[in-house]
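Q: Below is the structure I would like to discuss, written out as structure tokens.
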Ligand code: HEM
Ligand SMILES: *[C@@H]1O[C@H](CO)[C@@H](O)[C@H](O)[C@H]1NC(C)=O
Ligand SMILES: *[C@@H]1O[C@H](CO)[C@@H](O)[C@H](O)[C@H]1NC(C)=O
Ligand SMILES: *[C@@H]1O[C@H](CO)[C@@H](O)[C@H](O)[C@H]1NC(C)=O
Ligand SMILES: CC(=O)N[C@H]1CO[C@H](CO)[C@@H](O)[C@@H]1O
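Right, dumping it as structure tokens:
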């Protein structure tokens, strides 16, 4: 049974000799006292563990659902053994606070997915570094040069411009069926590339053009990074062999991706390096990186990470909110009413967003039910420590199940209903202070991109509602839209949301 499990795990057809290596290695592992955390006393409760694989057979493709179910049985803090990896998952606001606030310092290291363990790049990582000097420097730079009030102010024009292009595009395609995820992704991706490089890298119209290779590469990097079945993580002895080819595959895509901006970096580097350069000439985030003496490796790594962290998440927020809106016409009517009251201009601008309180409540409600990053990014215990009187062993992987918290009847009334009203007049916000709603996390690892991401989500949604009626193709029944999700770095719809946009 176990061999079946391991072979089914490695999706590829597979030479026999590698298999025997696996068997052999596993045998060795067995001899060398493998379940390191099984000796730890007072672990959080969890299901019984099989020898060697522990609970791997229970892991499945949807860890947010599996661990939510286990929490119902074993309580708000559970532990699982995935091969040699000890996994701890929190599923209530109290435990989330114990992890992200009380023990934030000890529980804010990272478990690095195999895909991102690239020798030449990982030393320059913002997302995957422990909270060390590299991490601090990069976060500070992003905070001041990308997410500060001043930087955001100068981004609003760019953002409005990209969304204007989307609206024009949809108008041209009026009556045709549109894959919303595609066009929203392209729009948000271009927003980010304009902030970073001062130019668009994708084209809404260019469905098969050359730059689609870039989109595909970023998507695939995200897919590799979000792999649930990562055998090297479960059995560190096997890690170096990269049996599933995850590390190699990701590096190939990384290299492909870097080519897309190589010449832009060279061009700007020459400018910034020239004797006539002065700081006022800086036009984009890249110029700031160059002024700060960043090497090509540093630039490539940071920029890819921003794409990986910032495009799929925002797109997924928008698409889930749109899905709920298609299902809930009464909510759309209220947003439209609010807009008729508050918006007098033709197109919506940033400065008007703060007046749209019902729209904001709708976005919170969508993020409650569909947190784009349902388990946060994996944290790691830097040292053994205690949470809720249980022991979290050193190097355990620590997750917070936002998805479970959003659907918990002890936390929310009627949790499965979509009711933006619950946030009207409520102080609950997603800024990391209210532990029942943490789409961006909380504490030192909290998402630095929140202000930028939220601005995009609000502006795209507001504009699409303001400008168009949305209709399902072929007279589809909104109540029958499936809500199936697919787990990855961002939780996305399993099936694309296809809509026809009709100009109002
Ligand atoms: C709606 C959109 C977004 C959501 C829901 C979101 C959510 C998150 C979450 C849950 C984390 C992990 C927190 C943790 O591990 O405790 C995170 C980390 C991060 N996010 Fe976002 N994010 C969004 C948009 C963005 C954008 C637009 C950017 C940048 C352009 C960005 C950059 C990052 C980075 C760099 C990290 C890693 C921070 C660290 O490890 O210290 N995110 N995000
Ligand atoms: C920070 O952590 C990363 C990964 O853990 C490492 O590669 C990098 O060298 C560290 N930086 C410093 C300054 O220690
Ligand atoms: C930047 O300028 C320095 C000296 O002014 C020069 O040695 C170096 O090669 C330049 N680098 C690039 C990439 O142009
Ligand atoms: C942990 O144990 C202490 C002392 O045994 C007790 O006072 C406290 O209530 C416990 N905390 C939790 C969260 O169970
Ligand atoms: C919402 C969204 O853009 N999802 C994309 C995220 O990346 C994956 C790759 O794993 C794509 O397949 C999704 O379409």
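In the working numbering, the protein residues as written are 1324 to 1827.
Ideal Cβ placement from N, Cα and C applies to all residues, glycine included.
1) Could you tell me how far apart the beta carbons of residue 1407 and residue 1557 are, in whole angstroms, since I believe they sit closer than 8 Å?
2) Taking C-beta to C-beta, are residue 1399 and residue 1418 nearer than 9 Å?
3) Taking the continuous alpha helix (DSSP H) assigned at residue 1608, which residues delimit it?
4) Taking just the CA atoms, how far does residue 1467 sit from residue 1506?
5) Would you say residue 1741 and residue 1688 are within 9 Å of each other, going by their C-beta atoms?
6) Can you grab the Cα-Cα spacing for the pair residue 1435 / residue 1670, in whole Å?
7) Hey, residue 1698 and residue 1390: beta-carbon distance below 9 Å or not?
8) Please report the Cβ distance between residue 1832 and residue 1790, rounded to the nearest whole angstrom; I am assuming they are in contact, meaning their Cβ atoms lie under 8 Å.
9) Cβ of residue 1579 within 9 Å of Cβ of residue 1540?
10) Would you say the beta carbon of residue 1738 comes nearer than 8 Å to a heavy atom of ligand 2?
11) Does residue 1793 come out as helix, strand or coil in the three-state DSSP assignment?
12) Whose CB is closer than 5 Å to a heavy atom of ligand 4? List the residues in chain order.
13) DSSP three-state label for residue 1714, please.
14) If you draw a straight line from the C-alpha of residue 1437 to the C-alpha of residue 1767, how long is it?
15) Which residues bound the alpha helix (DSSP H) around residue 1479?
16) Tell me the residue span of the alpha helix (DSSP H) that contains residue 1508.
17) Excluding five sequence neighbours on each side, which residues of the same chain lie with their C-beta closer than 8 Å to the C-beta of residue 1512?
18) Taking 8 Å as the cut-off, does the CB of residue 1410 come closer than this to any heavy atom belonging to ligand 1?
19) Beta-carbon of residue 1712 versus every beta-carbon of chain B: anything under 9 Å?
20) Can residue 1572 and residue 1812 be called in contact, C-beta distance under 9 Å?
21) When every heavy atom of ligand 2 is checked, does at least one fall within less than 8 Å of the C-beta of residue 1445?
22) Tell whether a beta-carbon distance below 9 Å holds between residue 1682 and residue 1715.
23) State the Cα-Cα distance for the pair residue 1752 and residue 1372, rounded to the nearest angstrom.
24) Over the uninterrupted beta strand (DSSP E) stretch that includes residue 1823, give me the two end residues.
25) Where residue 1739 and residue 1749 are concerned, what is the direct C-alpha to C-alpha distance, given to the nearest angstrom?
26) Between residue 1423 and the rest of its own chain, which residues show a CB-CB distance below 6 Å, the 5 nearest in sequence each way excluded?
27) In terms of residue numbering, what span does the alpha helix (DSSP H) encompassing residue 1658 cover?
28) Give the DSSP bridge partners of residue 1404, in chain order.
29) Quick one, which of 1711, 1674, 1728 has its alpha-carbon nearest residue 1266's?
30) For a test of your reading of the model: does the CB of residue 1636 fall under 8 Å from any non-hydrogen atom of ligand 1? Yes or no.
31) Given residue 1516, which residues of its chain have a CB within under 7 Å of its CB, disregarding the five upstream and five downstream residues?
32) Residue 1461 lies in the beta strand (DSSP E); which residues open and close that run?
33) Hey, how far is the Cα of residue 1568 from the Cα of residue 1409?
A: On the basis of the supplied data:
1) About 6 Å; that satisfies the 8 Å criterion.
2) Against a cut-off of 9 Å, the Cβ pair of residue 1418 and residue 1399 comes out as a contact.
3) Counting along the chain, the alpha helix (DSSP H) containing residue 1608 begins and ends at 1608-1614.
4) If you take the alpha carbons of residue 1506 and residue 1467, they lie about 30 Å apart.
5) In contact: residue 1741 and residue 1688 (Cβ atoms closer than 9 Å).
6) Counting only the Cα atoms, residue 1670 lies some 43 Å from residue 1435.
7) Closer than 9 Å, so yes.
8) Because the chain here runs from 1324 to 1827, residue 1832 falls outside it and cannot be looked at.
9) The answer is yes: Cβ separation under 9 Å.
10) Answer for residue 1738: no, Cβ out of range of ligand 2.
11) Under the three-state reduction of DSSP output, residue 1793 falls in the strand class.
12) These are the residues, in chain order, with a beta carbon less than 5 Å from any non-hydrogen atom of ligand 4: 1711, 1712.
13) Strand, per DSSP.
14) Taking the CA atoms as reference points, residue 1437 sits about 23 Å from residue 1767.
15) Note, residue 1479: alpha helix (DSSP H), 1472-1495.
16) 1503-1520 is the extent of the alpha helix (DSSP H) around residue 1508.
17) Excluding residues within five positions, the ones whose Cβ falls inside 8 Å are 1524, 1525, 1538, 1541, 1630, 1634.
18) In terms of side-chain proximity, the C-beta atom of residue 1410 is found no nearer than 8 Å to any non-hydrogen atom of ligand 1.
19) As a matter of chain content, chain B is missing from the structure shown, which is built from one protein chain.
20) The answer is no: Cβ separation not under 9 Å.
21) In this structure, residue 1445 has its CB closer than 8 Å to one or more heavy atoms of ligand 2.
22) Judged by beta-carbon spacing, residue 1715 lies beyond the 9 Å limit of residue 1682, meaning their Cβ atoms are not closer than that value.
23) Straight-line Cα distance between these residues: approximately 38 Å.
24) Residue 1823 -> beta strand (DSSP E) spans 1821-1826.
25) Going by the C-alpha atoms only, they are around 18 Å apart.
26) So the list reads 1765, 1766, once near-sequence residues are dropped.
27) 1652-1665 is the span of the alpha helix (DSSP H), which, as asked, contains residue 1658.
28) As computed with DSSP, residue 1404 is found in a beta bridge with 1409.
29) Because the chain spans 1324 through 1827 in this model, residue 1266 falls outside it and cannot be assessed.
30) For ligand 1, at least one heavy atom lies less than 8 Å from the Cβ of residue 1636.
31) Excluding positions up to five away in sequence, the list reads 1522, 1523, 1524.
32) Note, residue 1461: premise wrong, no beta strand (DSSP E); alpha helix (DSSP H) at 1456-1468.
33) The C-alpha of residue 1409 is placed about 23 Å away from the C-alpha of residue 1568.
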